[in-house]
Amino acid sequence: MKTLLPVLIVINLFAAGAAEAASTMDGVYTDAQAQRGMEQYLQHCSICHSASLQGNNESPPLVGRFMPDWADAPLSDLYDYINSAMPLDRPGSLSTAAYTDIVAYLLKVNGFPSGQTELDSNTLQSIRFDISRPPSRPRQSATH
Ligand code: HEC
């Protein structure tokens, strides 16, 4: 029993950390999930938003300029929008898992870090879309 106490304390700390509101900077999806999301994206979305996510004359880009639309909102807003409105010609036609994986892919291509835990459709509400700390970009060369 003596060795059990520290273990329990560590588990408690983990639980407390997980309960705190997370942001998109906290590694809220995995690389494997983003990879699955990419496959879904190429199948269902790229015909309009393009394979590079830059969009075309009719469909908006899903990188860069797209982010301010969702800034500081819970990630569930983006999910709900995609789930109810996309693909434009067949809204709601994908599974919950597929839409969630696509959100993970959108985070990845917009430069947000991946982590150890998959994005879960049930916790999107507690994750804030954070663009106050801009995702990593190529470093500017140092000037004096
Ligand atoms: C048939 C073409 C088409 C397909 C397929 C399509 N979209 Fe769209 N998408 C659009 C258009 C057009 C808009 C702009 C809608 C508007 O302004 O009301 C849009 C808007 C969006 C937005 C909002 C962009 C912003 O700046 O906030 C997101 C996010 C999005 N689409 C994601 C997706 C995803 C994910 C898929 C695949 C599951 C998908 N779309 C499939 C045409 C499409």
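The sequence shown begins at 1 in the numbering used here and counts up one residue at a time.
We put the CB at the ideal spot given by N, CA and C, even for glycine.
Fair warning: this is a prediction, and the values are worked out from it, not measured in the lab.
Any non-hydrogen atom of ligand 1 within 8 Å of residue i CB
i: Ile127; result: no
i: Pro113; result: no
i: Asp89; result: yes
i: Ala65; result: Checking the sequence, you will find Arg at residue 65 rather than Ala. Yes, the Cβ of Arg65 comes within 8 Å of a heavy atom of ligand 1.
i: Met86; result: yes
i: Tyr99; result: yes
i: Asp80; result: no
i: Leu94; result: yes
For residue j and residue i, the rounded distance between their alpha carbons
i: Gln185; j: Ser121; result: Residue 185 lies beyond the residue range present for the chain, which begins at 1 and ends at 144; the question has no answer from this structure.
i: Gly64; j: Phe112; result: 12 Å
i: Tyr79; j: Tyr99; result: 7 Å
i: Arg71; j: Tyr105; result: Correcting the residue type first, residue 71 is Ala in the shown sequence and not Arg. Going from the Cα of Ala71 to the Cα of Tyr105 covers about 17 Å.
i: Asp130; j: His44; result: 26 Å
i: Ser50; j: Asn56; result: 7 Å
i: Asp77; j: Ala32; result: 23 Å
i: Thr24; j: Ser114; result: 9 Å
6 Å Cβ shell around residue i - same chain, five flanking residues per side excluded
i: Leu42; result: none
Bridge partners - residue i, DSSP secondary structure assignment
i: Arg128; result: Ser23, Pro74
Close beta carbons around residue i, own chain, < 8 Å, minus the five adjacent residues each side
i: Ser84; result: Pro91, Gly92
i: Arg139; result: The predicted model places Arg139 with a pLDDT of 46, which falls under 50 and marks its position as unreliable; any figure quoted below should be read in that light. Excluding positions up to five away in sequence, the list is empty.
Spatial neighbours of residue i in its chain, beta-carbon cut-off 7 Å, leaving aside the 5 residues before and after
i: Arg36; result: Asp101
i: Thr96; result: Ser121
Short CB-CB distance (under 9 Å) between residue i and chain C
i: Thr123; result: The chain inventory of the structure shown lacks chain C, comprising one protein chain alone.
Whole alpha helix (DSSP H) runs in the region 28-65 with 4 or more residues, listed along the chain?
Whole alpha helix (DSSP H) segments, 4+ residues: 31-44, 46-49.
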